[in-house]
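A short write-up of the structure that comes next.
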Amino acid sequence: KVLEKKKIDLIFNLEYSNYRDFIYYRNSGFNQVLAKICKKRDIVMGFSFSKFKSARNKYQILGRLQQNFLICKKYDVKTKVASLSKKQEDDVVLKSFTRLLAKKSLF
1185 KVLEKKKIDL IFNLEYSNYR DFIYYRNSGF NQVLAKICKK RDIVMGFSFS
1235 KFKSARNKYQ ILGRLQQNFL ICKKYDVKTK VASLSKKQED DVVLKSFTRL
1285 LAKKSLF
């Protein structure tokens, strides 16, 4: 409801919820309904590299990030990958992280 009523430019960190994943797909906080709303209202989906680096459960978060990235790609939602830390990350690292998210499967 917030996405539909408020003027929002960017959403991020949806994949860091404490909810358990479902049996057949991950509980990533983003789905096709939200993707269609984001596309219609021109909202950008952001991915934080620094938050991923500091996460305890990297494998679970990486799967959720990848699922959200693929949903954004499927529904043509704009995406931004950024390092939201105080120290400047190398552009090569951010580009490789973006390529990793864009893969359909890691193995």
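With positions in the sequence shown counted from 1, the corresponding number in our numbering is that position plus 1184. Cβ coordinates follow ideal geometry from the N, Cα and C atoms, glycine included.
For lysine 1191, three-class secondary structure by DSSP: Annotated three-state conformation of lysine 1191 is coil, per DSSP.
For phenylalanine 1206, name the three-state secondary structure that DSSP assigns. In this structure, phenylalanine 1206 counts as coil in the three-state DSSP scheme.
Helix, strand or coil at alanine 1286 according to DSSP, with G and I counted as helix: Of the three classes helix, strand and coil, the one that applies to alanine 1286 here is helix, per DSSP.
Secondary structure at serine 1212, three-state DSSP: helix, strand or coil? Residue state, collapsed to three classes: coil.
Assigned secondary structure, alanine 1219 (DSSP; H/G/I helix, E/B strand, else coil): Residue state, collapsed to three classes: helix.
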